[in-house]
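Asks: First the structure, then my questions, so here it is.
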Amino acid sequence: MTLKDMAVGETGIVAGFAEGGRPYRKKLLSMGLTPGTEFSITRVAPMGDPVEIKLRGFKLSLRRGEAETVQVELR
1 MTLKDMAVGE TGIVAGFAEG GRPYRKKLLS MGLTPGTEFS ITRVAPMGDP
51 VEIKLRGFKL SLRRGEAETV QVELR
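The UniProt record's numbering puts the first residue of the sequence shown at 1, with every later residue one more than the last.
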């Protein structure tokens, strides 16, 4: 499952990154989305882009392309 597929209020753990996600991987890692990090979906825009998540005490907005590269495990 990817972060893009989650709904508001769901909690997950970063499991890794999709094979095609190379361009975003370094950026996402530097923003704190490392494997094992727990996060929750706080908001999704009406058209599905961007997605706002809360992790490590701050909120982060991700575009659809970035969100679909993050593989997650539901909590």
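Here a beta-carbon is modelled for each residue, glycine too, at the ideal position from N, C-alpha and C. Since we're looking at a predicted model, the values are computed, not measured.
1) What is the DSSP secondary structure of residue 12, counted as helix, strand or coil?
2) Would you identify the three-state DSSP class for residue 74, choosing helix, strand or coil?
3) The alpha helix (DSSP H) spanning residue 59 covers which residue range?
4) Going by beta-carbon coordinates alone, are residue 14 and residue 51 separated by less than 8 Å?
5) In whole angstroms, give me the CA-to-CA distance for residue 49 and residue 2.
Replies: Let me lay it out:
1) Looking at residue 12 - three-state DSSP - the assignment turns out to be strand.
2) Three-state DSSP puts residue 74 in a strand.
3) From DSSP, residue 59 is part of no alpha helix (DSSP H) but of the beta strand (DSSP E) over 58-62.
4) No. Outside cutoff.
5) Their Cα atoms are separated by approximately 14 Å.
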